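Structure first, then comments.
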Amino acid sequence: LTGGTGDWTISSYRHNSGTSTLTDGTITLNGRESSSGASIDIRGAGTTHPAGGKIVMSTKDSDISLNGNNLTLNDLEILNQDHEVAVDAASDTLTLASLTVTAGLFDTGHTGRTYDCTLTVTGTTTIGGTLTCNASAVSLGSGFTGGWGLEVVSGGTFNGGTGDHTYGCVYFKSGCTGTSTTGDVTVD
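Shown next, in the form of structure tokens:
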């Protein structure tokens, strides 16, 4: 698959094998893959998401299923509730250039699974909904100097969980709720 530069609106994205280069436009995911219930279902390595590309998840109760794989995406925006990352191995890592939770929940684990994914955001994370980190190792904007590594806006909720976290700079605005991780915290 060679995605080009246009915007897409699709139900879901499933990658089994080979090489897929997604569009550097905006991909709006408005459904779920039928067998897994995931909006993004990664079953093998080989997905590339170009700089400038953005994925918007707008379906209720859908997952990013890593299935023992690592996934790197450019920008991810959550617009609706209850998005979980389904992981099948402790080594599963989701790496993003930016994360925006406009509304709803983004959860680094999945109900009924043993593991939580490692979450790395190299740029800005903005939370207007809820980010739940569980026992995940989390890095949000480590070393990033172009804005907030973690910004929780009014009405947003940050649940740090129990994993070790590294942040760039952090801003909790008036009217938000924030609970730090009980693990180690490094601010750089």
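14 is the number of the first residue of the sequence shown in this note's numbering; add one for each residue after it. Where is the CB? At the ideal position from N, CA and C, for every residue including glycine. Please read these numbers as outputs of a predicted model, since none were measured by experiment.
1. Could you give the distance in angstroms between the alpha-carbon of D177 and the alpha-carbon of Y128?
2. Is S25 buried or exposed, if buried means 16 or more other CB atoms sit within 10 Å of its CB?
3. State the CB to CB distance for the pair S149 and T179, rounded to an integer number of angstroms; the pair is presumed to be in contact (CB under 8 Å).
4. Since G154 and L163 are thought to touch, with beta carbons under 8 Å apart, how far apart are those beta carbons, to the nearest angstrom?
5. Can you tell me whether A116 is helix, strand or coil according to DSSP?
6. For I140, is the classification buried or exposed, using 16 other Cβ atoms within 10 angstroms of its Cβ as the cut-off for buried?
7. Fully enclosed by the region 70 to 140, which beta strand (DSSP E) runs are 3 residues long or longer?
8. Which full runs of the beta strand (DSSP E) of 3+ residues lie inside the region 176 to 201, going along the chain?
9. Helix, strand or coil for T22? Go by DSSP, reduced to three states.
10. Only counting the same chain, and skipping five residues up and downstream in sequence, which positions put a Cβ closer than 7 Å to that of H2?
11. For T36, name the three-state secondary structure that DSSP assigns.
12. Rounded to whole angstroms, what is the Cα-Cα separation between N82 and T194?
13. Should I23 be labelled buried (16 or more other beta-carbon atoms within 10 Å of its own) or exposed?
14. At which residues does the beta strand (DSSP E) containing S152 begin and terminate?
Taking the geometry as given:
1. Roughly 15 Å between the two C-alpha positions.
2. buried
3. Not really, about 12 Å apart at Cβ, beyond 8 Å.
4. Contact flag correct, Cβ pair sits at about 6 Å.
5. coil
6. buried
7. Qualifying beta strand (DSSP E) stretches, in chain order: 76 to 78, 84 to 91, 96 to 99, 106 to 114, 118 to 120, 131 to 134, 138 to 140.
8. 178 to 180, 183 to 185, 190 to 192, 198 to 200
9. Note: T22 maps to strand in three-state DSSP.
10. The structure shown has nothing for residue 2, since the chain only spans 14 to 201.
11. coil
12. Roughly 25 Å separates the two Cα atoms.
13. exposed
14. 151 to 153
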